[in-house]
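Engineer:
Number of protein chains: 2
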Amino acid sequence: MDWERIVQELSFKTSSKIVLLVLDGLGGLPVQGKTELEAAQTPNLDRLAAKSACGLTDPVFMGITPGSGPAHLALFGYDPTKYILGRGILEALGSGVEVGKNDLVARGNFATLKDGLIIDRRAGRIPTSENKKLCQRLNNSLKSIEGTKIALFPGKEHRFVAKFTGEGLSEALSDADPQKENNPRVPVRALSQDASKTALIVNRFLDEVTDLLKSTPKTNTVLLRGFSHYPSLSTLRELYKLKPAAIANYPMYKGLAKLVGMEILETGENLSAIFETAEKYYKDYDFFYVHVKKTDSAGEDGDFEAKKDAIEEADSYIPRLVALQPDVLVVSSDHSTPSLLKTHSWHPNPFLLYSKTSFPDNVTRFSEKECCFGYLGRFQAMHAMPLMLAHAGKLKKFGA
Amino acid sequence: MDWERIVQELSFKTSSKIVLLVLDGLGGLPVQGKTELEAAQTPNLDRLAAKSACGLTDPVFMGITPGSGPAHLALFGYDPTKYILGRGILEALGSGVEVGKNDLVARGNFATLKDGLIIDRRAGRIPTSENKKLCQRLNNSLKSIEGTKIALFPGKEHRFVAKFTGEGLSEALSDADPQKENNPRVPVRALSQDASKTALIVNRFLDEVTDLLKSTPKTNTVLLRGFSHYPSLSTLRELYKLKPAAIANYPMYKGLAKLVGMEILETGENLSAIFETAEKYYKDYDFFYVHVKKTDSAGEDGDFEAKKDAIEEADSYIPRLVALQPDVLVVSSDHSTPSLLKTHSWHPNPFLLYSKTSFPDNVTRFSEKECCFGYLGRFQAMHAMPLMLAHAGKLKKFGA
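Chains A and B supply the protein sequences, listed in that same order. Residues in the first sequence are numbered consecutively from -10, following the working numbering. Residues in the second sequence are numbered consecutively from -10, following the working numbering.
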């Protein structure tokens, strides 16, 4: 029996409440001897850590740098190597594109075609504003193909989401992307028999778009990859009998939360709105995923000070979460984003679990280095969910 | 998707370089309060540890004492519970016997047959010199059987490698070994239909050898087990896009390295030759497996002092490796060989990873005990490869 099945069978509904606070991209690497988290003043997190069990989590497994998709799935209790989300659906979630039962989505690039070869897979990273105009023009011009409607949703720079809406579309398609520059355009191929009609539709779309884009030589074709349907994951209610809510203000995280059956609570832009929302709806749900994005954005920008500030700001709201008296409060991250690297990394996440039944270890400072001495040790992030459920009294005994 | 497949798909070629230094059998148990590693003066390893991330690795999993085969496969990034190497091929690798596409090899024992019963499975552990003479005599006398040539290669004491060379030989054979003394000789059995011809050939060989050995009553028959072909593992180049080289001076390790597609660099007997070879070829490869055997041999001999000395000698060469400025330098072991136990053991290996992106923990002394406080925690050795690749910048992000 796999671990998910075991946890599912052991879990039962209770009134106890779990709060999972995700400080996105929290983990860092030392700059002048200290990480962002070490440099930050975090009296509230430290006080909490002193009463908590701490550890370090690997989002996927050692050495693997995760995207937000697998990193969050793991935190929500899904094996990230088992539930692989296509690029198309992740891009759609990240762009806030609604994806329904009859929709097939793909990640698109505007690209440059010359003398039959793709000479730039990103069309020189055109400005987002130009992308928007192109998508609008194409949406106005494109007609249904074999009863399938097509809509493009602009993303940043050269990126967009292509959504095909129709009956019986298949995601078993190869990418329409030569992967390397100076190769010819490639059509999609059907990867299973029942995908042949979809392949035909997508390839006609590609030809028509390329025809429509003749007048803009730099952005005169598109590439598509990661064809995907809305994935059918078991929800947290089905798996662990939770009534979960998400408080996040970026489309990607709202999308990921929706994927596992969370209710998305409307909230505002800043941290104070996020924690207010938690307070407002606290009585209505038994699992709260609270997402703070700034820590990651600052890391991606390589801005050590901004990341440190974001951590300090988040720290100042910890007493409000504690005041709600959740049965389990976890503070951790989906992945590390050291400002030194300006990108997601494979380094593990500091992890803190506070509950009446958590074992207080010697960690009195919430940091990467201190968490490595924690009682929870180093573990895969997907095991956080059974741990939270256990501490919330939501798991029966296994065997007699 | 399994982890190997994930790492394979994420890996890409770069010019960065990884050095994996294996101090064979490094881990020990305390004698008068200190392990060999603790008793040794290792200023260079300690200095390196202070700048590195440390941990402890389990070669296979907790409690499992590995042979050199699985222990090395794990370090090379192969799941040692998935790729099981037959005894025949390991014995052949260890004896430096070349094994080709049409070869089937088995581990052999000279044994004593009396009144139809095997009364000694090891023929009283005859001296190696006697073994050599017997093999030579048999090689001179044995004729081809059904077009299959047979050659015996003496090992230590009663051990040898039998190599059958012919078309279409199968490894699906049971052992020709009663396992317990005072049982009759057993022929091999075909374990699949297409192995029946091979079974016939091997059994004729066994009869002929037994006949030829009549004149030496103590060594008047042979036992064979672990029939195996040269295993077809994906190479490190195929899996992780590496151009790997091995610097080792024992046949077993050269054989294991060859198995995963490493180039075997010619080197000398002593440590200075080994590290010179690393320097000489440093520009030509991007992954170096450097093997030091003495630590293990001393442990096997139960010679605490000799093992301590071997560690100190290895330590003195660390600055030369560091001077090469590899992007990733790992110092660890394949398995522990406590001199207290005089044999391989299941105890985990001290592990140290040094790179620009490694998180320096509080470990300032490279030892079993200190490594258990390291940032890397305790992990399975097979995860060392993804970790090394990540730190060398050779892995893309997983998912979006």
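Backbone N, C-alpha and C fix where the C-beta goes; we use that ideal spot for every residue, glycine too.
#1: I'd like to check one pair, residue 77 of chain A with residue 95 of chain A: are the Cβ atoms closer than 8 Å?
#2: Please list, in chain order, the chain A residues whose beta carbon lies closer than 7 Å to that of residue 51 of chain B.
#3: How many Å lie between residue 384 of chain A and residue 356 of chain B at the Cα?
#4: Considering only DSSP beta bridges, list what residue 98 of chain B is partnered with.
#5: Since residue 198 of chain B and residue 177 of chain B should fall inside the 8 Å C-beta cutoff, what is the C-beta to C-beta distance between them, to a whole number of angstroms?
#6: Taking the alpha-carbon positions, what's the residue 334 of chain A to residue 24 of chain A distance?
#7: Could you pull the start and end residues of the beta strand (DSSP E) that residue 47 of chain B belongs to?
#8: Do residue 262 of chain B and residue 251 of chain B count as a contact pair if the criterion is CB distance below 8 Å?
#9: List the residues of chain A that residue 376 of chain B touches, going by C-beta distances under 8 Å, in chain order.
#10: How is residue 191 of chain B classed by DSSP in three states: helix, strand or coil?
#11: Roughly how many angstroms separate the alpha carbons of residue 121 of chain B and residue 149 of chain B, rounded to a whole number?
#12: Can you name, in chain order, every residue of its own chain whose Cβ lies under 6 Å from the Cβ of residue 313 of chain A, other than the five neighbours on each side?
#13: What residues match up with residue 106 of chain A in a beta bridge as DSSP calls it?
#14: Please list the partners that residue 384 of chain B has in chain A, where partner means a Cβ-to-Cβ separation under 8 Å.
#15: Please state whether DSSP places residue 77 of chain B in a helix, a strand or coil.
#16: Determine the contact status of residue 79 of chain A and residue 388 of chain B, defining contact as a CB-CB distance below 8 Å.
#17: Enumerate, from N- to C-terminal direction, the unbroken beta strand (DSSP E) stretches of 3 or more residues contained entirely within the segment 198 to 253 of chain B.
#18: Under 7 Å Cβ to Cβ from residue 360 of chain B, same chain only, skipping five residues before and after it: list those, please.
#19: Within the same chain, show all residues whose beta-carbon is closer than 8 Å to that of residue 282 of chain B, passing over the 5 residues directly before and after it, in chain order.
#20: Is the CB of residue 338 of chain B under 8 Å away from at least one CB in chain A?
#21: Strictly below 8 Å CB to CB, what residues from chain B border residue 366 of chain A?
#22: Look up residue 139 of chain B in the DSSP assignment and give the residues it is bridged to.
#23: Check the Cβ of residue 372 of chain B against every Cβ in chain A and list those closer than 8 Å, keeping chain order.
#24: Using 8 Å as the limit for Cβ to Cβ distance, is residue 73 of chain A near chain B?
#25: What first and last residue would you give for the beta strand (DSSP E) that runs through residue 407 of chain B?
#26: Of the choices A/205, A/85 and A/114, whose alpha-carbon is the least far from that of residue 126 of chain A?
#27: Would residue 292 of chain B pass as a contact of residue 232 of chain B if the rule is Cβ separation under 8 Å?
#28: Should residue -5 of chain B go down as buried or exposed, given a rule of 16 or more other Cβ atoms within 10 Å for buried?
#29: From the DSSP output, in three-state form, read off residue 313 of chain B for me.
#30: Shorter than 8 Å from the beta carbon of residue 395 of chain B to some beta carbon of chain A?
#31: If residue 401 of chain B sits next to residue 112 of chain B, beta carbons under 8 Å apart, how far is it from one beta carbon to the other, in whole angstroms?
#32: Going by Cα to Cα distance, which pick from A/8, A/226 and A/63 is closest to residue -2 of chain A?
#33: Which residue marks the beginning of the beta strand (DSSP E) containing residue 278 of chain B, and which one marks its end?
#34: According to DSSP, what are the bridge partners of residue 363 of chain B?
#35: Can you say whether residue 129 of chain B is buried or exposed, counting buried as having 16 or more other CB atoms within 10 angstroms of its CB?
#36: Does chain B have any CB closer than 8 Å to the CB of residue 422 of chain A?
Structural biologist: The relevant details are as follows:
#1: Residue 95 of chain A sits at position 106 when you count from the first residue of the first sequence. Residue 77 of chain A sits at position 88 when you count from the first residue of the first sequence. Taking the C-beta atoms as reference points, residue 77 of chain A is found nearer than 8 Å to residue 95 of chain A.
#2: Numbered from its first residue, the second sequence carries residue 51 of chain B at position 62. Chain-order list of chain A residues neighbouring residue 51 of chain B: empty, with the shortest C-beta distance near 13 Å, by a criterion of under 7 Å.
#3: As a working mapping, residue 384 of chain A is identified with position 395 in the first sequence. As a working mapping, residue 356 of chain B is identified with position 367 in the second sequence. Going by C-alpha positions, residue 384 of chain A is about 39 Å away from residue 356 of chain B.
#4: The residue given as residue 98 of chain B occupies position 109 in the second sequence. Looking at the DSSP assignment, residue 98 of chain B forms a beta bridge with B/148 and B/212.
#5: As a working note, residue 198 of chain B is residue 209 in the second sequence. As a working note, residue 177 of chain B is residue 188 in the second sequence. Under the criterion of beta carbons closer than 8 Å, residue 198 of chain B and residue 177 of chain B do not qualify as touching, at roughly 13 Å.
#6: Taking the first residue of the first sequence as position 1, residue 334 of chain A is located at position 345. Taking the first residue of the first sequence as position 1, residue 24 of chain A is located at position 35. For residue 334 of chain A and residue 24 of chain A, the gap between their C-alpha atoms comes out near 14 Å.
#7: Within the second sequence, residue 47 of chain B is the residue found at index 58, counting from 1. Unbroken beta strand (DSSP E) run through residue 47 of chain B: 42 to 47.
#8: Position 262 of the second sequence, counting from 1, holds the residue named residue 251 of chain B. Position 273 of the second sequence, counting from 1, holds the residue named residue 262 of chain B. At the C-beta level, residue 251 of chain B and residue 262 of chain B stay beyond 8 Å of one another.
#9: Taking the second sequence and counting its residues from 1, one reaches residue 376 of chain B at position 387. Chain A residues near residue 376 of chain B: 51, 52 and 335.
#10: What you label residue 191 of chain B is simply residue 202 of the second sequence in a count that begins at 1. Reduced to three states, the DSSP call for residue 191 of chain B is helix.
#11: Locating residue 121 of chain B in the second sequence gives position 132, counting from the first residue. Locating residue 149 of chain B in the second sequence gives position 160, counting from the first residue. Whole-angstrom Cα-Cα distance: 9 Å.
#12: One-based indexing of the first sequence puts residue 313 of chain A at position 324. Only 271 meet the Cβ criterion.
#13: Counting from one through the first sequence, the residue named residue 106 of chain A turns up at place 117. Bridge partners of residue 106 of chain A: A/103 and A/173.
#14: As a first step, residue 384 of chain B must be located in the second sequence, where it is residue number 395. Residues of chain A passing the Cβ test: 52, 53, 54 and 335.
#15: On the second sequence, residue 77 of chain B is found 88 positions in, with the first residue counted as 1. Reduced to three states, the DSSP call for residue 77 of chain B is helix.
#16: Counted from its first residue, the first sequence places residue 79 of chain A at position 90. Counted from its first residue, the second sequence places residue 388 of chain B at position 399. Their beta carbons are under 8 Å apart, which means residue 79 of chain A touches residue 388 of chain B by this criterion.
#17: 210 to 217 and 233 to 236
#18: Translated into positions along the second sequence, residue 360 of chain B becomes position 371. The beta carbon of residue 360 of chain B sits closer than 7 Å to those of 43, 44, 45, 339, 340 and 352, all from its chain and outside the five residues before and after it, given in chain order.
#19: As a first step, residue 282 of chain B is located in the second sequence; it is residue number 293 there, counting from the start. Once the five neighbours on either side are set aside, the close Cβ partners of residue 282 of chain B are 13, 237, 238, 239 and 242.
#20: Position 349 of the second sequence holds residue 338 of chain B. For residue 338 of chain B, the answer is no, since every Cβ of chain A falls outside 8 Å of its Cβ.
#21: On the first sequence, residue 366 of chain A is found 377 positions in, with the first residue counted as 1. Residues of chain B passing the Cβ test: 366 and 367.
#22: For the purposes of this step, residue 139 of chain B is identified with residue 150 of the second sequence, where counting begins at 1. Partner(s): B/153.
#23: Counting from one through the second sequence, the residue named residue 372 of chain B turns up at place 383. Chain-order list of chain A residues neighbouring residue 372 of chain B: 50, 51 and 52, by C-beta distance under 8 Å.
#24: The residue given as residue 73 of chain A occupies position 84 in the first sequence. Yes, its Cβ sits closer than 8 Å to a Cβ of chain B.
#25: In the structure as shown, chain B starts at -10 and stops at 389, and residue 407 of chain B therefore has no counterpart that could be examined.
#26: Within the first sequence, numbered from 1, the residue matching residue 126 of chain A stands at position 137. Checked all of A/205, A/85 and A/114; the closest Cα to residue 126 of chain A is A/205.
#27: Along the second sequence, read from residue 1 onward, the residue named residue 292 of chain B stands at position 303. Along the second sequence, read from residue 1 onward, the residue named residue 232 of chain B stands at position 243. For residue 292 of chain B and residue 232 of chain B, no; Cβs fall outside 8 Å.
#28: Here residue -5 of chain B is taken as the residue at index 6 of the second sequence, counted from 1. So residue -5 of chain B ends up on the buried side.
#29: Against the second sequence, residue 313 of chain B aligns to sequence position 324. Three-state result, residue 313 of chain B: coil.
#30: Only positions -10 to 389 of chain B appear in this structure, which leaves residue 395 of chain B out of reach.
#31: As shown, chain B starts at -10 and ends at 389. That puts residue 401 of chain B outside it, with no answer to give.
#32: Here residue -2 of chain A is taken as the residue at index 9 of the first sequence, counted from 1. Closest by alpha carbon: A/226.
#33: Within the second sequence, residue 278 of chain B is the residue found at index 289, counting from 1. Here the beta strand (DSSP E) through residue 278 of chain B covers 276 to 281.
#34: Position 374 of the second sequence, counted from the first residue, corresponds to residue 363 of chain B. Its beta-bridge partners do not exist; DSSP assigns none.
#35: As a position in the second sequence, residue 129 of chain B is number 140, starting the count at 1. With fewer than 16 Cβ atoms within 10 Å of its Cβ, residue 129 of chain B is classed as exposed.
#36: In the structure as shown, chain A starts at -10 and stops at 389, and residue 422 of chain A therefore has no counterpart that could be examined.
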